[in-house]
Each structure stands twice: as C-alpha cells, then as structure tokens.
Amino acid sequence: MPNYKQRTINFLENEWGTYIERFSRWPADYGHERVHKQGYDQFRDMLAHIVSWWEEAMPIIVAIAEEREYPRKKYDFDSFNAEAVTKYKTWPESMFLAHFEKTRQKAVVDLKSIYKDSFENRRIQNWVNGVFISHAREHLVALSRFLTLDTLENEWSTYIQRFDALENKEEFLQKQGFKKIEDLLVHIAGWWDEGIKLAKNVLADADFVYEEPDTDKFNADLLVLHKNTSAADVRRLFESKRIEMIDFVRDLPESAFENQTIENWLAMDVVEHYDEHALG
C-alpha cells in the first residue's frame with residue numbers, strides 16, 4: 002500500500018491523467034448518458050466542476066503543509082459548482098482542455114514538493130480525499146484498472162478493521178439493512194463472485210448476454226447460503242475474495258475496460274458499491 006502522498010500523486014498521474022482519454026473511447030450517445038447521470042449537460046461541464054475544485058484546494062493544501070494561514074470559507078456547494086460551469090462556459094474547447102491538463106500537472110508538481118509527513122494532517126487528507134480520491138469515484142464515467150485496484154487495495158482492505166472501530170455499529174448496520182457485519186460482507190463478496198462469472202463469460206463469448214438476477218432474491222440467497230458459517234470464516238472469506246478480485250482485475254485485458262458490460266459491473270460492484278456501504 003503506497004503512503005498517502007504517493008497515493009495522491011498516483012491519482013493525479015494515473016487516474017486523472019487518463020480521465021479524458023478513457024471517456025473519449027465511449028460511443029457519443031453512451032458517453033452522454035453517463036454524464037447525464039452525473040447531473041451535467043455535457044462532459045466539459047463536469048470537467049469544469051472538477052478543475053475548479055482542484056484550483057480551490059491546492060493553495061489550501063500547500064498553505065496547511067507550510068503551516069500558513071489561509072482564508073476560511075463556508076461553501077455553498079451548489080453555488081460553487083454552478084459558478085464553476087459558468088466560469089469556463091465561453092472558453093474555446095482546446096483552450097479549456099489545455100487549462101485542465103496544465104492545472105493537473107501543476108498539482109502534481111506542488112504535491113511532490115510537500116513533505117511526506119504533512120499528508121498525515123487530517124485537514125490535508127480531507128481536501129485530498131474530497132477533490133482527488135473520492136471525487137474520482139463520485140464522477141466515474143469511464144472506469145480504469147487503476148481506480149478499481151485502488152478501491153480494492155486501499156478502501157476495501159481496511160473495511161472490516163474500520164467497522165470494528167466504529168462506535169455506532171448497530172446504527173450503521175440498521176441503515177444498511179443488515180443485522181450483522183458478516184451478512185454485509187457476504188453480500189459484497191457474493192456480488193464480486195457474480196461479476197467475475199459475468200466478465201469471464203463476456204470475454205469468452207462476444208455475443209454473451211447477461212441476465213441480471215433478481216437483486217432481492219440474490220441477496221437473500223447469499224444470506225441463506227452462509228447462515229451457518231462462523232463470523233471468523235466469513236471474514237476470512239471476504240478477505241480471500243478481495244485478493245481474488247485483485248488478481249482477476251490485474252489479469253484483465255485492457256479491452257475489458259472498454260466493454261460496457263464488464264466496465265459497468267466493475268464500476269457498480271467494486272467501486273460504487275464501496276461508497277454505497279461507506280462507513281463514514
């Protein structure tokens with residue numbers, strides 16, 4: 002697992018550095034559909050939102066690292082996001098895309114200049130997570146191998162430990178609709194298994210049509226299947242399935258991430274599923 006500084010730089014270089022290129026692979030209609038689900042009329046409006054938060058965050062991150070004061074704001078997020086889109090609306094396409102890339106590259110340089118231990122500061126981590134890491138999951142319109150593996154290796158890897166450290170375990174489980182954490186772990190691992198089967202079938206047969214199971218029944222059947230499995234064994238099962246998923250994703254051909262069926266499953270059940278069951 003990389004340190005927090007290196008992980009942040011990895012996101013700027015590997016995730017955001019290929020973000021536009023990956024989105025551009027989609028057929029226009031499908032790409033527009035993905036963007037519309039994000040609540041934006043067009044892809045560049047979402048890019049304007051993203052780059053505006055980078056521009057907002059980086060001076061603050063640097064100031065915190067250098068132990069300098071900086072203006073504190075109370076953000077109206079809807080207003081900020083609307084202003085971001087308006088700000089870049091009239092920019093020529095080439096000029097805007099060049100600015101997006103220049104801002105990304107500058108952020109990499111500035112982050113590399115920050116002393117590694119500064120990334121242990123909670124305020125820096127909050128900004129980094131908000132605008133670089135979780136923001137990538139939030140605006141997932143073309144999944145990368147990098148983001149899939151990062152979620153498995155850096156988010157799901159500590160899920161059980163972070164649950165065990167929660168003070169409000171019962172409240173969390175109630176909101177999630179599960180009686181115990183092991184039921185939730187079985188649910189997550191079960192969908193990973195289903196997805197691996199799907200992806201293998203698609204890769205073996207280009208004409209394969211996936212018939213998605215009834216979600217409620219599938220979830221209920223998972224709980225029945227493991228009703229007599231001990232808590233310790235469920236936790237071991239979850240970890241073994243996580244490792245299996247990592248190996249599977251690493252071995253996938255790049256073409257798998259350009260296949261709408263496989264990419265959509267990975268996005269939903271590995272990346273978006275993490276935020277759906279976020280511990281807070």
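Just so it is clear: in the sequence shown, position 280 is 281 by the numbering used here, and no numbers are missing. No residue lacks a Cβ here, since even glycine has one placed at the ideal position from N, Cα and C. No experiment lies behind these values; they were computed from the predicted model shown.
Between the beta-carbon of residue i and the beta-carbon of residue j, is there less than 8 Å?
i, j, result
"VAL235", "GLU183", "yes"
"THR104", "VAL52", "yes"
"PHE258", "SER145", "yes"
"ILE10", "LYS107", "no"
"MET47", "VAL36", "yes"
"TYR5", "PHE120", "yes"
"ASP194", "LYS242", "yes"
"HIS274", "LEU223", "no"
"ALA143", "TRP27", "yes"
"GLU154", "ILE247", "yes"
"VAL86", "ALA49", "yes"
"THR149", "VAL271", "yes"
"TYR76", "ILE61", "no"
"PHE101", "LEU280", "no"
"LYS180", "LEU174", "yes"
"LEU238", "ALA190", "yes"
"VAL109", "GLU14", "yes"
Taking the alpha helix (DSSP H) that residue i belongs to, which residues open and close that run?
i, result
"GLY46", "The sequence shown places Asp at residue 46, rather than the Gly named in the question. Taken as a continuous stretch (DSSP letters only), the alpha helix (DSSP H) holding ASP46 covers 44–66."
"THR159", "Counting along the chain, THR159 falls outside any alpha helix (DSSP H), and DSSP gives it neither H nor E."
"TRP128", "123–129"
"THR262", "261–267"
"GLY32", "29–38"
"VAL110", "94–114"
"THR19", "Run containing THR19: none; DSSP gives neither H nor E here."
"ARG8", "5–11"
"HIS136", "135–139"
"LEU150", "146–151"
"THR87", "78–89"
Contact check, residue i vs residue j under 8 Å by CB: the rounded distance?
i, j, result
"ILE65", "ASN122", "6 Å"
"GLY18", "PHE24", "About 13 Å; that fails the 8 Å criterion."
"MET59", "ASP111", "6 Å"
"PHE147", "GLU255", "Incorrect: roughly 12 Å between the Cβ atoms, too far for contact."
Between residue i and chain D, is there a C-beta pair that is closer than 8 Å?
i, result
"ARG146", "The displayed structure is made up of one protein chain only, and chain D is not part of it."
Practice prompt. Report yes or no: do the stretch 256–276 and the stretch 214–226 share at least 3 C-beta pairs separated by less than 8 Å?
Written response: no
Worksheet item: Are the stretch 82–91 and the stretch 124–143 touching, with three or more C-beta to C-beta distances below 8 Å?
Response: no
Discussion item. Report the start-end ranges of each alpha helix (DSSP H) in the stretch 166–198 that is 4 residues or longer and not cut off at the edges.
Written reply: Whole alpha helix (DSSP H) segments, 4+ residues: 170–177.
Worksheet item: Which full runs of the alpha helix (DSSP H) of 4+ residues lie inside the stretch 204–275, going along the chain?
Response: Along the stretch 204–275, the alpha helix (DSSP H) occurs as fully enclosed runs of 4 or more residues at 216–226, 232–252, 261–267, listed in sequence order.
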